[in-house]
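S.K.:
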Amino acid sequence: MLVGFYLAYTLVIALLRPAWAPPLPPEARRYREPDGSSGMASLVAVIAVAAAAGWAFDQFLHLAGNPNAALDDRLLIGGAVGSVMALAIAAANRALRLKLLSSIAERVVFALVPPLALIFLVLGTILLGWATPTEGGAMGASGALAMALLRRRLDLGQLRQALDGTARLSTFALFILIGARVFSLTFYGIDGHKWVETLLEGLPGGQTGFLVAINLLIFLLAFFLDFFELAFIVIPLLAPVADKLGIDLVWLGVLLAVNMQTSFMHPPFGFSLFYLRSVAPSKAYEDRVTRKRIEPVTTVQIYWGAVPFLAMQLVMVGVVLAFPQLVMVYKKDAPVLDPASVQVNIPTEAQPPPAEGTQAEDLMRDLMKGAGK
Numbered sequence: 000m001l002v003g004f005y006l007a008y009t010l011v012i013a014l015l016r017p018a019w020a021p022p023l024p025p026e027a028r029r030y031r032e033p034d035g036s037s038g039m040a041s042l043v044a045v046i047a048v049a050a051a052a053g054w055a056f057d058q059f060l061h062l063a064g065n066p067n068a069a070l071d072d073r074l075l076i077g078g079a080v081g082s083v084m085a086l087a088i089a090a091a092n093r094a095l096r097l098k099l100l101s102s103i104a105e106r107v108v109f110a111l112v113p114p115l116a117l118i119f120l121v122l123g124t125i126l127l128g129w130a131t132p133t134e135g136g137a138m139g140a141s142g143a144l145a146m147a148l149l150r151r152r153l154d155l156g157q158l159r160q161a162l163d164g165t166a167r168l169s170t171f172a173l174f175i176l177i178g179a180r181v182f183s184l185t186f187y188g189i190d191g192h193k194w195v196e197t198l199l200e201g202l203p204g205g206q207t208g209f210l211v212a213i214n215l216l217i218f219l220l221a222f223f224l225d226f227f228e229l230a231f232i233v234i235p236l237l238a239p240v241a242d243k244l245g246i247d248l249v250w251l252g253v254l255l256a257v258n259m260q261t262s263f264m265h266p267p268f269g270f271s272l273f274y275l276r277s278v279a280p281s282k283a284y285e286d287r288v289t290r291k292r293i294e295p296v297t298t299v300q301i302y303w304g305a306v307p308f309l310a311m312q313l314v315m316v317g318v319v320l321a322f323p324q325l326v327m328v329y330k331k332d333a334p335v336l337d338p339a340s341v342q343v344n345i346p347t348e349a350q351p352p353p354a355e356g357t358q359a360e361d362l363m364r365d366l367m368k369g370a371g372k
C-alpha cells in the first residue's frame, strides 16, 4: 500500500505538473540500429521465447513434480527459468556471432537479467523457503562477486576495498549493538524499565493512548536516532507494556517499522537524503546528449522534495492504526477455538489387579470365612 501511495503521487505529479517530472529529451529516448531499424522485433521475440520457457517449466513441475505448489512459488520459479533462457539466447548470439538479435535486445537482456538474478538469489530464495534472510544475503553477495568477475570488473584492489568496507560497516553495527546492550543493562539495573512501564501503563486512553504516545515518541526520536538505536534501545522498553495491554506484537512491530522508516527521510540524519545528495549534481554541467546546461540540485531542494514522501509515510502509520486487519490478516487461517466446546476428561485411576500367589489365596480364604461367620 505504501508503494501504491508513491506510485499514485508520482503519477498525479507527472499529469498535473509535467515540469516537475520532465521526461528524457527525444535525443536520449530514440535508438536506431546501424541499419536504421528500432531493433524491437528481436527483443519481443526473446521475451516471448523466455516466457514460453518459463511456462513450460512451470507446467512440468506442476504436473510431474509438485502439483500442490503455491502460485507465488510457481511464478518465481517460472520467471527465473525464463530469465535464464533469455540470458542463454543473448550469450549464444554474442559468442557465436549468430546476428539473430539486435543490439538493443542484447543490451536489454545483459542489463536486466543479472540484477534480476541477484534479486532472486536474495528475495526469491527467502520467499521460496530455500534460505534464511542471513543465508539469502550471503547468496546475494556471492552472486554480486560472480557477476563482477564475469564482467571483468573485479580485481584484488577492488576486492580488498569491498572487504575493508564490509568489515568497517559490520564493526559499526556491532559497536552500536554493544552500546545498546550496555545502556539497556544499566537502565534495567536501576529499574528504569519499571518506571517506563508504569508511566506508559498510566497513560489515558488505554491501548489507543499508548499507541498514539509511542508513535509520537518514535517519530520525534527518529530525527536524531537511526533505525538501529530505536530498534535495540527503545523498542525493548515498549514491547512488554504492549503485551500487557493485549496489543498484538506483530502488528505493533509493523506499525513501528513504518514509523521508523521516516527516519530515513527527514533531516538532520536522513540517510536517504544523504544518498541522494551524493549522486545529485552539486555543480552545473553540460548534458552529453542534448548539449544543454543542467543546473545543480541543492540540498534545500532535496529536503523539500522529501516532504511529500514523509507525509505519505505518516498517512500509512494512520492507516495501519485505523485498520489493524491489514497486518492481522496473517491470523485469518489460524484455527478458532470455541471455549464452550472444550471438554476436559479426567481419567479415573484404574484399580490394581489382585496380587497373585499364596498370600493372596490365603487372604481371600480368610475373607470368605469371615463372611460365612
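Residue numbers for the sequence shown, in numbering that gives the first Met the number 0: 0 to 372. C-beta atoms are modelled at their ideal positions from N, C-alpha and C, and glycine is treated no differently. No experiment lies behind these values; they were computed from the predicted model shown.
Got a sec, what are the start and stop residues for the alpha helix (DSSP H) V343 sits in?
M.R.: Looking at the DSSP string, V343 is not in any alpha helix (DSSP H), and its letter there is neither H nor E.
S.K.: Taking three-plus beta-carbon pairs below 8 Å as touching, is the region 43-53 in contact with the region 9-17?
M.R.: Not touching, per the Cβ criterion.
S.K.: Between L244 and the rest of its own chain, which residues show a CB-CB distance below 8 Å, the 5 nearest in sequence each way excluded?
M.R.: Once the five neighbours on either side are set aside, the close Cβ partners of L244 are E200, G205, Q206 and F209.
S.K.: So, with DSSP's three-state summary, where would you put E285?
M.R.: Strand at E285.
S.K.: How many angstroms separate the CA atom of F186 from the CA atom of H192?
M.R.: Their backbone Cα atoms lie some 7 Å apart in a straight line.
S.K.: Would you tell me roughly how many angstroms separate the C-alpha atoms of P266 and V43, rounded to the nearest one?
M.R.: The alpha-carbon atoms of P266 and V43 are separated by roughly 45 Å.
S.K.: How many angstroms separate the CA atom of F222 from the CA atom of L168?
M.R.: C-alpha separation (whole angstroms): 22 Å.
S.K.: Kindly list the residues whose CB is nearer than 8 Å to the CB of I301, restricted to its own chain and excluding five residues on each side of it in sequence; keep chain order.
M.R.: Cβ neighbours of I301 beyond the five flanking positions: L272, L275, R276 and A279.
S.K.: Could you give the DSSP three-state label for R159: helix, strand or coil?
M.R.: Note: R159 maps to helix in three-state DSSP.
S.K.: Out of P114, T165, I103 and A90, state which residue places its alpha-carbon closest to the alpha-carbon of D34.
M.R.: Considering only alpha carbons, the answer is I103.
S.K.: Could you pull the DSSP bridge partners for R292 from this structure?
M.R.: Partner(s): E285.
S.K.: Which whole-angstrom value is the C-beta distance of L117 and G142, which I expect to be below 8 Å?
M.R.: The pair is a contact, with the Cβ atoms about 5 Å apart (cut-off 8 Å).
S.K.: So, with DSSP's three-state summary, where would you put M259?
M.R.: M259: helix per DSSP, three-state reduction.
S.K.: Which residue spans inside the region 85-160 form an unbroken alpha helix (DSSP H) run of at least 4?
M.R.: Listed in chain order, the complete alpha helix (DSSP H) runs (minimum 4 residues) inside the region 85-160 are 102-118 and 132-149.
S.K.: Any heavy atom of the ligand GDP closer than 7 Å to the beta-carbon of G188?
M.R.: You won't find the ligand GDP in this model; it holds no ligand whatsoever.
S.K.: In the structure shown, what three-state DSSP assignment does N67 receive?
M.R.: Coil.
S.K.: From K98 to R151, what does the alpha carbon distance come to, in whole angstroms?
M.R.: Roughly 24 Å separates the two Cα atoms.
S.K.: Cα-Cα, which of L155, T289 and G252 is closest to P25?
M.R.: When only C-alpha atoms are compared, the closest one is T289.
S.K.: Could you pull the start and end residues of the alpha helix (DSSP H) that E196 belongs to?
M.R.: Taken as a continuous stretch (DSSP letters only), the alpha helix (DSSP H) holding E196 covers G191 to E200.
S.K.: Is it the case that the Cβ atoms of M264 and I217 are separated by a distance below 8 Å?
M.R.: Cβ distance not < 8 Å, so M264 and I217 don't count as in contact.
S.K.: To the nearest angstrom, report how far apart G139 and L184 are at their CA atoms.
M.R.: Between G139 and L184, the C-alpha separation is close to 35 Å.
S.K.: Note the first and the last residue of the continuous alpha helix (DSSP H) segment covering L6.
M.R.: Its alpha helix (DSSP H) spans residues L1 to L15.
S.K.: Between L320, D163, A27 and V306, which lies nearest to L255 when the distance is taken from Cα to Cα?
M.R.: Looking at the Cα atoms, L320 is the closest of the given residues.
S.K.: So, is the C-beta of F308 closer than 8 Å to a C-beta in chain D?
M.R.: Protein chains in the displayed structure number just one, and chain D is not present.
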